[in-house]
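Peer 1:
Protein chains: 2
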Amino acid sequence: MTAGKLRPVPAAAIAEWHETADVVIAGYGIAGVSAAIEAARSGAQVLILERTSGWGGAAALAGGFVYLGGGTPLQRALGFEDSAENMEKFLLAAVGPGADAAKIADYCRGSLEHYDWLVGNGVPFREALWDEPGWEPPHDEGLAYSGGENAAPFNAVASPAPRGHVPRMRDKRTGERGGGYMLMKPLAETAEALGVRVSYDVRLTRLIVDGERVVGVLARRYGREIAVRAELGVVLATGGFAYSEQMVADHAPRLIGRPGAAIEEHDGVGILAATAFGAATAHMDATEVAFFGDPQMMARGILVNGQGQRYVTEDTYPGRIGQATLFHQDNQAFLVIDEQAHEEALATETATPVFRVPPTWAAETVAELEADMGLPELALQTTVEVYNTYAAQGLDPLFGKKPEWLRPLTGAVAAFDLRGATAGFPLGGLRTDLDSRVLHVSGEPIPGLFAAGRCTAGICTGGYVSGASLGDGSFYGRRAGLAAAKGEVE
Amino acid sequence: MTAGKLRPVPAAAIAEWHETADVVIAGYGIAGVSAAIEAARSGAQVLILERTSGWGGAAALAGGFVYLGGGTPLQRALGFEDSAENMEKFLLAAVGPGADAAKIADYCRGSLEHYDWLVGNGVPFREALWDEPGWEPPHDEGLAYSGGENAAPFNAVASPAPRGHVPRMRDKRTGERGGGYMLMKPLAETAEALGVRVSYDVRLTRLIVDGERVVGVLARRYGREIAVRAELGVVLATGGFAYSEQMVADHAPRLIGRPGAAIEEHDGVGILAATAFGAATAHMDATEVAFFGDPQMMARGILVNGQGQRYVTEDTYPGRIGQATLFHQDNQAFLVIDEQAHEEALATETATPVFRVPPTWAAETVAELEADMGLPELALQTTVEVYNTYAAQGLDPLFGKKPEWLRPLTGAVAAFDLRGATAGFPLGGLRTDLDSRVLHVSGEPIPGLFAAGRCTAGICTGGYVSGASLGDGSFYGRRAGLAAAKGEVE
Numbered sequence: 001m002t003a004g005k006l007r008p009v010p011a012a013a014i015a016e017w018h019e020t021a022d023v024v025i026a027g028y029g030i031a032g033v034s035a036a037i038e039a040a041r042s043g044a045q046v047l048i049l050e051r052t053s054g055w056g057g058a059a060a061l062a063g064g065f066v067y068l069g070g071g072t073p074l075q076r077a078l079g080f081e082d083s084a085e086n087m088e089k090f091l092l093a094a095v096g097p098g099a100d101a102a103k104i105a106d107y108c109r110g111s112l113e114h115y116d117w118l119v120g121n122g123v124p125f126r127e128a129l130w131d132e133p134g135w136e137p138p139h140d141e142g143l144a145y146s147g148g149e150n151a152a153p154f155n156a157v158a159s160p161a162p163r164g165h166v167p168r169m170r171d172k173r174t175g176e177r178g179g180g181y182m183l184m185k186p187l188a189e190t191a192e193a194l195g196v197r198v199s200y201d202v203r204l205t206r207l208i209v210d211g212e213r214v215v216g217v218l219a220r221r222y223g224r225e226i227a228v229r230a231e232l233g234v235v236l237a238t239g240g241f242a243y244s245e246q247m248v249a250d251h252a253p254r255l256i257g258r259p260g261a262a263i264e265e266h267d268g269v270g271i272l273a274a275t276a277f278g279a280a281t282a283h284m285d286a287t288e289v290a291f292f293g294d295p296q297m298m299a300r301g302i303l304v305n306g307q308g309q310r311y312v313t314e315d316t317y318p319g320r321i322g323q324a325t326l327f328h329q330d331n332q333a334f335l336v337i338d339e340q341a342h343e344e345a346l347a348t349e350t351a352t353p354v355f356r357v358p359p360t361w362a363a364e365t366v367a368e369l370e371a372d373m374g375l376p377e378l379a380l381q382t383t384v385e386v387y388n389t390y391a392a393q394g395l396d397p398l399f400g401k402k403p404e405w406l407r408p409l410t411g412a413v414a415a416f417d418l419r420g421a422t423a424g425f426p427l428g429g430l431r432t433d434l435d436s437r438v439l440h441v442s443g444e445p446i447p448g449l450f451a452a453g454r455c456t457a458g459i460c461t462g463g464y465v466s467g468a469s470l471g472d473g474s475f476y477g478r479r480a481g482l483a484a485a486k487g488e489v490e
Numbered sequence: 001m002t003a004g005k006l007r008p009v010p011a012a013a014i015a016e017w018h019e020t021a022d023v024v025i026a027g028y029g030i031a032g033v034s035a036a037i038e039a040a041r042s043g044a045q046v047l048i049l050e051r052t053s054g055w056g057g058a059a060a061l062a063g064g065f066v067y068l069g070g071g072t073p074l075q076r077a078l079g080f081e082d083s084a085e086n087m088e089k090f091l092l093a094a095v096g097p098g099a100d101a102a103k104i105a106d107y108c109r110g111s112l113e114h115y116d117w118l119v120g121n122g123v124p125f126r127e128a129l130w131d132e133p134g135w136e137p138p139h140d141e142g143l144a145y146s147g148g149e150n151a152a153p154f155n156a157v158a159s160p161a162p163r164g165h166v167p168r169m170r171d172k173r174t175g176e177r178g179g180g181y182m183l184m185k186p187l188a189e190t191a192e193a194l195g196v197r198v199s200y201d202v203r204l205t206r207l208i209v210d211g212e213r214v215v216g217v218l219a220r221r222y223g224r225e226i227a228v229r230a231e232l233g234v235v236l237a238t239g240g241f242a243y244s245e246q247m248v249a250d251h252a253p254r255l256i257g258r259p260g261a262a263i264e265e266h267d268g269v270g271i272l273a274a275t276a277f278g279a280a281t282a283h284m285d286a287t288e289v290a291f292f293g294d295p296q297m298m299a300r301g302i303l304v305n306g307q308g309q310r311y312v313t314e315d316t317y318p319g320r321i322g323q324a325t326l327f328h329q330d331n332q333a334f335l336v337i338d339e340q341a342h343e344e345a346l347a348t349e350t351a352t353p354v355f356r357v358p359p360t361w362a363a364e365t366v367a368e369l370e371a372d373m374g375l376p377e378l379a380l381q382t383t384v385e386v387y388n389t390y391a392a393q394g395l396d397p398l399f400g401k402k403p404e405w406l407r408p409l410t411g412a413v414a415a416f417d418l419r420g421a422t423a424g425f426p427l428g429g430l431r432t433d434l435d436s437r438v439l440h441v442s443g444e445p446i447p448g449l450f451a452a453g454r455c456t457a458g459i460c461t462g463g464y465v466s467g468a469s470l471g472d473g474s475f476y477g478r479r480a481g482l483a484a485a486k487g488e489v490e
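Protein sequences appear in the order of chains W and E. Residue numbers for the first sequence follow UniProt numbering, beginning at 1 and rising by one. Residue numbers for the second sequence follow UniProt numbering, beginning at 1 and rising by one.
(1) Between Ala94/E and Gly147/E, which are expected to be in contact by the criterion C-beta below 8 Å, what is the C-beta distance as a whole number of angstroms?
(2) For Leu406/W versus Asp396/W, is the C-beta spacing smaller than 8 Å?
(3) Contact defined as beta carbons within less than 8 Å: I believe Ala227/W pairs with Val202/W. What is the distance between those atoms, to the nearest angstrom?
(4) Val465/W: which of Phe475/W, Pro318/W, Gly32/W sits nearest, CA to CA?
(5) Using CA coordinates, which residue listed in Leu427/E, Ala363/E, Thr389/E, Asp338/E is at the minimum distance from Tyr472/E?
(6) Could you say which of Pro358/W, Thr350/W, Asp338/W, Thr238/W lies nearest to Gly411/W if we only look at CA atoms?
(7) For the beta strand (DSSP E) containing Gly216/E, name the first residue and the last one.
(8) Taking the continuous alpha helix (DSSP H) assigned at residue 493/W, which residues delimit it?
(9) Of the choices Phe355/W, Thr360/W, Ala249/W, Thr382/W, whose alpha-carbon is the least far from that of Val366/W?
(10) In chain W, which residues lie less than 7 Å from Val386/E when you measure between Cβ atoms?
(11) Does any C-beta atom of chain W lie closer than 8 Å to the C-beta of Gln393/E?
(12) Verify the CB distance criterion: does Leu204/W have a CB-CB separation below 8 Å to chain E?
(13) Please state whether the Cβ-Cβ distance between Leu434/W and Lys89/W is less than 8 Å.
(14) If we ignore side chains and look at the alpha-carbon of each, how far apart do Ala421/E and Thr205/E end up?
(15) Please report the distance separating the alpha-carbon of Gly260/E from that of Gln246/E.
(16) According to DSSP, is residue 492/E helix, strand or coil?
(17) How about Gly278/E and His440/E: do their beta carbons lie closer than 8 Å?
(18) How far does the beta strand (DSSP E) with Thr205/E in it extend, from its first residue to its last?
(19) Just checking: is the beta-carbon of His266/W within a distance shorter than 8 Å of some beta-carbon in chain E?
(20) Does the distance from the CB of Leu92/E to the CB of Ala101/E come in under 8 Å?
(21) Exposed or buried, what is Gly223/W when buried is set at 16 or more other beta-carbons lying within 10 Å of its beta-carbon?
(22) Less than 8 Å between CB atoms is the rule here; does Gln332/W satisfy it with respect to chain E?
(23) Relative to the alpha-carbon of Glu166/E, which residue among Gly424/E, Gly64/E, Met297/E has its alpha-carbon at the smallest distance?
(24) Examine chain B for any beta-carbon lying closer than 8 Å to the beta-carbon of Pro253/W, and answer yes or no.
(25) Please give me, in chain order, every unbroken run of the alpha helix (DSSP H) with length at least 4 that falls completely inside the region 246-324 of chain W.
(26) For Gln296/E, is the classification buried or exposed, using 16 other Cβ atoms within 10 angstroms of its Cβ as the cut-off for buried?
(27) Would you list the one or two residues that DSSP bridges to Leu129/W?
(28) Mind listing the chain W neighbours of Pro397/E? Cutoff is C-beta to C-beta under 7 Å, in chain order.
(29) With a 10 Å radius around its C-beta and 16 neighbouring C-beta atoms as the bar for buried, classify Val357/E as buried or exposed.
(30) Do Leu369/E and Val413/E count as a contact pair if the criterion is CB distance below 8 Å?
(31) Would the beta-carbon of Ala35/W fall within 8 Å of that of Ala423/W?
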């Protein structure tokens with residue numbers, strides 16, 4: 001009988017409680033720290049269990065976009081109009097079918113307050129815009145487009161506004177660190193100033209339950225099992241499942257062999273421990289996808305698939321290009337660019353110089369390039385013919401690339417082989433409500449159990465925007481802390 | 001406290017057992033009847049609980065393909081070579097990343113024996129081949145291609161062999177019925193001759209458990225709750241979740257508003273009851289997709305997406321066209337055909353005359369047709385130019401359509417608007433092992449709990465072939481019955 005490995009343990013079977021707090025939080029990344037601050041401010045005694053030896057989680061290694069909008073002070077200072085409704089319209093279009101409309105509406109309506117909360121807890125945003133194609137700002141600009149808001153088809157759905165808010169990356173004590181680190185640092189300092197206790201090198205293993213209520217967790221500390229009692233609630237903030245081979249194969253197989261932007265601790269343990277108690281999951285197949293192409297070059301060239309056909313708006317959010325490539329083009333992509341555009345792109349600044357490799361093929365004509373790339377004769381030539389015909393008029397009726405990036409490809413041409421150039425992390429996880437209560441498969445909340453961050457299905461249930469993970473992790477982390485500290489029994 | 005709606009009930013809380021059997025099977029479709037026969041032959045007392053008032057489930061309404069191969073007597077009689085290895089190579093390629101390789105290998109190796117078992121239990125297959133494009137044979141031919149085995153890219157991966165086995169649709173007592181009905185009927189008669197008891201109008205609600213073991217089910221009969229004890233094992237054979245709006249939205253949102261080929265009883269209850277006890281699921285996003293195009297016309301024409309680009313081998317299994325359209329082309333499809341091909345197609349027989357509607361647009365030239373269809377000038381014209389250039393040589397380097405269907409489109413042309421012309425059912429469900437034991441999220445089998453059919457993730461975890469559902473439902477239904485009747489405790 002070994003099925004008990006992840007099974008919840010009845011409280012009655014616990015001989016000794018090694019630790020006790022009102023609110024017990026598993027995981028000290030962005031969701032965990034946000035939950036801790038709110039729970040502590042609500043008067044709860046808070047204990048964070050973190051399996052590594054320091055705070056940060058995946059968040060501290062992230063570029064640092066936090067997806068915020070609705071007219072934040074930073075947006076307004078930089079001249080952008082936005083509203084909760086406008087942000088909601090965009091997100092509903094960008095995340096695709098199956099969107100959690102209630103969660104998106106809630107997230108957008110709460111965004112201004114959430115911005116103030118972050119700033120109030122010491123998160124700095126520099127009043128500068130980065131308005132060029134790119135994965136991230138190349139310096140410490142505080143605001144950038146991070147989801148294709150200003151590209152087709154979304155620029156016709158909602159009024160474009162940049163919503164990628166990046167914490168300032170300079171600090172007189174630490175020198176220069178990534179935006180995610182600079183988000184985590186003041187929040188961790190805030191939490192600890194509020195008296196939040198942290199126990200490091202402690203790894204969640206199972207939930208402890210009393211009937212239908214979660215009352216604590218079992219965990220391992222230096223190889224020894226400990227029982228931790230939560231008087232009011234348990235918050236799971238343990239991250240995603242990018243590094244569980246079984247879960248990736250069963251739920252998000254497009255990511256097999258290509259985990260990205262996650263940490264090895266993202267092994268799905270929080271999701272497993274909760275589903276072992278009947279918790280529901282949602283959108284386990286959804287994934288963020290990074291694409292290893294240079295955005296400045298992509299905007300100036302054309303992306304074609306294994307048949308030499310264009311398939312995506314080249315001037316959009318590169319994560320959208322990654323999804324289009326991995327999900328819909330069998331991970332086959334080539335970037336075709338002419339010499340002039342290539343030189344222009346090389347003259348721009350970039351946050352990802354690693355993608356500025358020499359082209360795979362270069363040729364005097366499109367016909368030669370096509371042959372060199374191994375495409376059937378005419379496949380690429382007709383694609384370029386159609387593109388050029390319209391580009392000369394400043395039009396792209398097929399994919400809606402903006403006029404500023406449209407110019408016929410002429411003269412010497414080159415192509416980058418971007419087949420297989422993707423990686424990503426899963427977006428699915430536990431199904432939670434607006435108070436971050438973990439929902440049972442029956443649809444009812446599980447008393448005493450809360451979750452936030454990438455162990456939950458957040459606002460991005462299909463498409464993705466950069467900043468959504470730090471965004472919903474912090475937003476619903478706060479909700480989890482507030483709700484857990486209330487400790488109401490249904 | 002209402003989270004208990006689907007929660008397992010401790011056996012100790014059951015005051016009265018209303019029914020008892022060795023093996024209790026929920027659902028009397030193909031998986032249930034197959035489990036019942038094997039359990040009864042193993043000497044177990046078997047009770048089937050069926051929520052409708054008759055046997056059949058979705059199976060009895062299905063066209064009736066059973067996916068079998070490896071050199072069945074029917075394949076050999078009709079001149080086809082096949083082997084378990086060849087079948088396995090095809091299936092691994094056709095179902096895509098995340099395939100359950102062990103299950104596919106097992107299924108292929110067991111296919112000959114499974115064919116004999118079906119025939120031995122009275123399932124008749126007529127020795128005739130249907131070798132034309134089509135969803136199903138138009139008469140009662142017993143064998144047809146049902147997964148694109150003889151089309152690109154699979155015809156280069158494995159030696160093409162038809163594996164869609166269709167039970168003979170004539171019966172002197174019932175006249176003509178569908179293949180699925182003619183599959184179910186002899187099996188149901190066999191089960192009942194073996195003494196299997198059936199209780200109709202009884203709906204599974206929850207599992208009854210003793211520690212980590214499943215020992216029975218709660219069910220509703222005419223509005224009253226009954227407790228049914230299973231001395232050896234419970235088999236879930238309750239079908240998929242096409243008709244659970246919540247589950248479709250959370251797991252397979254591409255099917256929102258377009259459920260197909262399923263019955264309303266497919267509300268996911270078996271999946272929910274088991275996951276409430278910690279059962280694992282897999283591939284909940286995977287879906288079969290039907291496409292409302294005429295296969296004879298598609299093979300003779302070209303399918304283009306919303307940009308006027310070809311995107312799929314037109315002479316392949318139409319379910320593969322459906323998946324390509326819904327998953328990868330935003331459900332945008334047009335069929336373009338010339339007058340000669342249209343007339344040839346109309347002269348063929350079809351099992352789906354409902355798709356033989358008049359074209360949406362007809363024009364003297366491709367340029368005119370392109371304009372009528374609302375496509376940007378040149379988009380369709382260049383597609384036809386490339387297609388025709390190669391078709392004249394009997395080639396299709398882009399998608400590999402077979403030479404027999406390649407001819408340049410000339411003269412008057414027409415197009416069918418097939419945007420949104422898809423429907424489907426989910427393929428994901430409970431994760432089971434080769435003995436149809438339901439696996440806990442820990443990876444270990446849940447003692448006493450077995451499952452088969454569309455409440456489980458079967459052999460098709462991404463791509464689909466017609467006959468896979470009746471195929472793995474019957475194959476793993478048998479395994480469930482055998483394993484449950486053994487009643488071994490881990």
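All C-beta atoms in this analysis are idealised placements derived from N, C-alpha and C, irrespective of residue type, glycine included.
Peer 2: The answer reads as follows:
(1) 6 Å
(2) Their beta carbons are under 8 Å apart, which means Leu406/W touches Asp396/W by this criterion.
(3) The beta carbons of Ala227/W and Val202/W sit about 12 Å from each other, so the pair does not count as a contact at 8 Å.
(4) Pro318/W
(5) At residue 472/E the sequence reads Asp, which differs from the Tyr that was named. Taking only the C-alpha atoms, the option nearest Asp472/E is Leu427/E.
(6) Taking only the C-alpha atoms, the option nearest Gly411/W is Asp338/W.
(7) 213-221
(8) Because chain W in this structure spans residues 1 to 490, residue 493/W falls outside the shown range and cannot be described.
(9) Among Phe355/W, Thr360/W, Ala249/W, Thr382/W, the Cα nearest to that of Val366/W is on Thr382/W.
(10) Leu378, Ala379, Thr382
(11) no
(12) no
(13) no
(14) 35 Å
(15) 16 Å
(16) Nothing about residue 492/E can be read from this structure; chain E reaches only from 1 to 490.
(17) yes
(18) 202-210
(19) no
(20) Yes. Within cutoff.
(21) exposed
(22) no
(23) It is Val, not Glu, that sits at residue 166/E in the sequence shown. It is Gly64/E whose Cα lies nearest to the Cα of Val166/E.
(24) Judged by its chain identifiers, the structure shown contains no chain B, and its protein chains are W and E.
(25) 269-275, 295-300
(26) buried
(27) Under DSSP, Leu129/W shares a beta bridge with Leu143/W.
(28) Pro376
(29) Classified as exposed, Val357/E has fewer than 16 neighbouring CB atoms from the shown chains inside 10 Å of its CB.
(30) yes
(31) Here Ala35/W is not near Ala423/W, since their CB atoms are 8 Å or more apart.
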